[in-house]
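Below is one structure; the comments refer to it alone.
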Amino acid sequence: MTVAHVGERLLTPGEVAALFRVDPKTVTRWATAGRIGSIRTPGGHRRFRESEVKTLLAELTTEANLGNGHA
């Protein structure tokens, strides 16, 4: 099990989904597939490190812009 850095904000699947403009179930599938790391709460819910989410979002945004000829 992975431990979050002290003081790092953890996001819910719904919060991550809003950032990526996808359904929360998609975020859960990404975590299951290993595309994004997740932490399980004692109750079994997934949480995502804000820093990792922002890094992935920046990478995907850059790739989208490169693919569209905007970069």
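Residues in the sequence shown are numbered from 16 upward in steps of one, following the numbering used here.
Positions of the beta carbon are idealized from the N, C-alpha and C atoms, including for glycine.
In this text the structure is predicted, and so the values were computed from the model without any measurement.
Around H60, the same chain offers no residue with a beta carbon nearer than 6 Å, after the five sequence neighbours per side are excluded.
For T77 and G29, the gap between their C-alpha atoms comes out near 23 Å. Secondary structure remark: continuous beta strand (DSSP E) runs of at least 3 residues inside the region 19-83, in chain order: 61-64.
Per the C-alpha coordinates, the member of L81, L72, N80 positioned closest to F35 is L72. Inter-residue distance for R24 and E65 is about 6 Å (C-alpha atoms, whole angstroms).
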